[in-house]
Amino acid sequence: MDTYQDCTLLHVDADGFFAGVEQALNPALRGRPVVTGAERGIIAAASYEAKALGIKRGLQLHEAKALCPDLVILPSDYEAYSLYSLRMLDILRRFTPLVEEYSIDEAFADLSGCGDVLACPLETVAERLRNTVSSEMGLTVSVGISLTKTLSKLCSKFRKPNGQTVLRREHVPLMLKRTPVAKVWGIGPASAAKLQAKGIATALDFTRMDEAAVLRLLHKPGHETWRELQGRRVFPLDLEGKRSYDSMMKGHTFSPPSDDPRLVFSEALRNMTNAIAKLRRHAHLAREIGLSLRLKDYTAQTACAPLPAPTGHDCEAAPFLRALFDALFTPGQLYRSTLVWFGGLVSERNRQLDLFEETPARHDYGRLDAAVDRINARYGQHAVAPAALLDRSLKPYHSRDAAPERYGTLMHGESARHLAIPRMTLGNPV
Ligand SMILES: [Mg+2]
Numbered sequence: 092m093d094t095y096q097d098c099t100l101l102h103v104d105a106d107g108f109f110a111g112v113e114q115a116l117n118p119a120l121r122g123r124p125v126v127t128g129a130e131r132g133i134i135a136a137a138s139y140e141a142k143a144l145g146i147k148r149g150l151q152l153h154e155a156k157a158l159c160p161d162l163v164i165l166p167s168d169y170e171a172y173s174l175y176s177l178r179m180l181d182i183l184r185r186f187t188p189l190v191e192e193y194s195i196d197e198a199f200a201d202l203s204g205c206g207d208v209l210a211c212p213l214e215t216v217a218e219r220l221r222n223t224v225s226s227e228m229g230l231t232v233s234v235g236i237s238l239t240k241t242l243s244k245l246c247s248k249f250r251k252p253n254g255q256t257v258l259r260r261e262h263v264p265l266m267l268k269r270t271p272v273a274k275v276w277g278i279g280p281a282s283a284a285k286l287q288a289k290g291i292a293t294a295l296d297f298t299r300m301d302e303a304a305v306l307r308l309l310h311k312p313g314h315e316t317w318r319e320l321q322g323r324r325v326f327p328l329d330l331e332g333k334r335s336y337d338s339m340m341k342g343h344t345f346s347p348p349s350d351d352p353r354l355v356f357s358e359a360l361r362n363m364t365n366a367i368a369k370l371r372r373h374a375h376l377a378r379e380i381g382l383s384l385r386l387k388d389y390t391a392q393t394a395c396a397p398l399p400a401p402t403g404h405d406c407e408a409a410p411f412l413r414a415l416f417d418a419l420f421t422p423g424q425l426y427r428s429t430l431v432w433f434g435g436l437v438s439e440r441n442r443q444l445d446l447f448e449e450t451p452a453r454h455d456y457g458r459l460d461a462a463v464d465r466i467n468a469r470y471g472q473h474a475v476a477p478a479a480l481l482d483r484s485l486k487p488y489h490s491r492d493a494a495p496e497r498y499g500t501l502m503h504g505e506s507a508r509h510l511a512i513p514r515m516t517l518g519n520p521v
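According to our numbering, the stretch in the sequence shown is residues 92 to 521, in order.
The following block contains the structure:
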């Protein structure tokens with residue numbers, strides 16, 4: 092009989108992750124308000140010291156500086172964040188092999204069957220996990236353990252940062268009573284508004300609703316959450332990992348904003364070459380290409396087009412990018428960023444061969460791209476690149492062009508400037 096019975100679902104969530112990694116990499120930053128996102132002009136992540144001053148994600152940098160003149164503003168270093176994410180998962184796997192990588196800084200794990208092996212109370216498991224991450228990685232995480240994913244997610248949020256909460260069946264109602272229904276994982280603003288209109292304020296009120304009424308009001312997804320909150324497991328762990336991808340995207344903000352079509356197109360093309368090179372590294376092909384142009388006022392124009400055959404070649408994708416660009420670009424408007432994504436991804440192994448495709452040309456594209464990738468891996472990104480990228484030099488230098496100071500050096504365990512794990516995967520971009 093397992094010591095933990097049904098209270099075995101663990102959720103771990105790193106505290107202010109990107110900023111935490113920066114503080115771990117540079118101890119001089121510990122205890123100081125740190126934010127990342129210098130390259131975008133918008134805050135991507137804030138350390139707890141910065142959060143305490145009212146600085147949060149999404150704020151403009153100049154607004155944040157007004158709140159805190161001593162703010163440390165850093166450009167994002169996604170490779171470092173990915174590496175730290177892998178380290179956190181490795182530590183978690185010392186406790187149980189049943190680990191779901193949920194996002195770059197969150198994971199679920201199932202401890203069932205581990206009770207007799209770990210031979211310690213759940214509180215000790217959570218404590219050991221937190222202590223191991225903090226001593227080996229230099230950053231803190233919060234841990235929740237309960238009956239279901241939805242409940243363990245509530246628990247990890249309950250005492251943040253560097254906190255832990257174990258919620259056994261008998262105490263579930265107490266936790267639900269102090270949780271506003273809008274704070275439940277899976278209840279979005281629209282569902283929360285519908286529930287509040289019916290007088291449902293807390294998660295406990297929600298679980299006490301009649302099953303038929305829940306189904307009528309929120310349909311299947313809301314009903315699943317309703318069951319999970321009652322301690323019945325509906326959502327299984329996804330142990331497959333991110334072995335296949337829905338889409339791959341690259342975006343970049345430039346400053347100052349520009350109305351020069353050559354510059355804006357060269358920015359888009361650069362994102363395309365980066366995204367498609369990444370696609371090739373992961374042995375995938377795309378069936379669709381998308382482009383989003385963001386204006387100075389943050390509104391975006393977006394379009395996508397199907398590719399005639401699944402491809403991973405620059406030469407085949409570029410004409411479609413050009414067509415999308417010509418359809419979207421409006422003269423006289425100021426643009427501040429471009430984003431390119433590839434969708435409808437298929438693994439190279441699973442590609443259906445097209446009877447009528449021009450194989451000799453494709454064969455040459457394949458050899459060309461492989462050669463370019465090898466040169467760029469050796470001499471740096473864009474050592475060989477389309478000539479149109481030279482138009483990027485039309486842009487005046489700006490402090491936001493800064494790259495992380497760490498660039499040029501590798502961390503322990505890092506073999507190249509890029510890690511072999513794409514993180515920017517979204518089903519429905521923009
Ligand atoms: Mg987090």
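We put the beta carbon where it would ideally sit given N, CA and C, even for glycine.
Everything numeric in this text was worked out from a predicted model, so none of it was measured.
Query, Result
"Rounded C-alpha distance that separates Gly-206 from Ala-468", "46 Å"
"Glu-197 CB to nearest heavy atom of ligand 1 below 7 Å", "yes"
"Backbone CA spacing between Leu-213 and Gly-322 [nearest angstrom]", "17 Å"
"Length of the line joining the Cα atoms of Gly-277 and Thr-316", "7 Å"
"Best match in Gly-132, Pro-477, Leu-384 for proximity to Thr-351 [C-alpha to C-alpha]", "Reading off the sequence shown, one finds Asp at residue 351, where the question assumed Thr. Out of Gly-132, Pro-477, Leu-384, Leu-384 has the C-alpha closest to the C-alpha of Asp-351."
"Extent of the continuous alpha helix (DSSP H) run through Tyr-426", "Run containing Tyr-426: none in the alpha helix (DSSP H); it sits in the beta strand (DSSP E), 426–434."
"Range of the contiguous beta strand (DSSP E) that encloses Ser-225", "Run containing Ser-225: none in the beta strand (DSSP E); it sits in the alpha helix (DSSP H), 213–228."
"Identified DSSP bridge partners for Ala-391", "Arg-385"
"Residue environment, Tyr-172, which counts as buried when at least 16 other CB atoms sit within 10 Å", "buried"
"According to DSSP, residues forming a beta bridge with Ser-233", "Asp-104"
"Reduced DSSP category for Asp-207 - H, G, I as helix; E, B as strand; rest coil", "helix"
"Phe-108 CB to nearest heavy atom of ligand 1 below 7 Å", "yes"
"Expected contact under 8 Å - CB spacing of Ile-134 and Arg-148 to nearest Å", "6 Å"
"Leu-144 to Asp-106 span [Cα, whole Å]", "16 Å"
"Beta-carbon gap between Leu-267 and Ala-294 smaller than 8 Å", "yes"
"Residue burial classification, Arg-299 (beta-carbon count within 10 angstroms, cutoff 16)", "exposed"
"CB of Gly-342 within 8 Å of CB of Glu-379, strictly", "no"
"Identity of the residue in Ser-194, Glu-197, Glu-191, Thr-187 nearest Val-208 by Cα", "Thr-187"
"Cα-Cα separation, Phe-198 to His-262", "In the sequence as displayed, the identity of residue 198 is Ala instead of Phe. Rounded to whole angstroms, Ala-198 to His-262 spans 23 Å at the Cα level."
"Ser-484, DSSP secondary structure in three states", "helix"
"Residue burial classification, Leu-286 (beta-carbon count within 10 angstroms, cutoff 16)", "buried"
"Cross-strand partners of Gln-321 (DSSP beta bridge)", "DSSP output for Gln-321 lists no bridge partner at all."
"Cβ neighbour criterion (16 or more within 10 Å) applied to Arg-514", "Reliability fails at Arg-514, whose pLDDT of 41 lies under 50, so the model's placement of it is uncertain and no value is given."
"Contact under 8 Å by Cβ, Pro-124 with Leu-162", "yes"
"Three-state secondary structure assigned by DSSP to Tyr-95", "coil"
"Leu-412 versus Tyr-95 - alpha carbon distance", "55 Å"
"Counterpart residues of Asp-201 in DSSP-defined beta bridges", "Leu-100"
"Contact under 8 Å by Cβ, Leu-238 with Asp-388", "no"
"Cβ distance (whole Å) where Ile-182 is taken to contact Val-126 below 8 Å", "At roughly 26 Å, the Cβ-Cβ gap does not stay under 8 Å, so Ile-182 and Val-126 are not in contact."
"Test item: CB-CB of Asp-196 and Asp-104 under 8 Å", "yes"
"Pro-520 classed as buried or exposed, judged by whether at least 16 other C-beta atoms fall within 10 angstroms", "Any reading at Pro-520 must be qualified, since the residue scores a pLDDT of 35, below 50, and its modelled position is unreliable; the value itself is stated next. With 16 or more Cβ atoms within 10 Å of its Cβ, Pro-520 is classed as buried."
"Buried or exposed by the 16-neighbour rule on C-beta atoms within 10 Å, applied to Asp-168", "buried"
"Nearest to Arg-131 (by Cα), restricted to the options Leu-152, Val-475, Val-257", "Leu-152"
"Local Cβ density within 10 Å of Ala-366, reported as buried at 16 or more and exposed below that", "buried"
"Completely contained alpha helix (DSSP H) runs for the region 244–283, where each covers 4 or more residues", "263–268"
"Straight-line gap, Asn-222 to Pro-451 (C-alpha atoms, nearest Å)", "57 Å"
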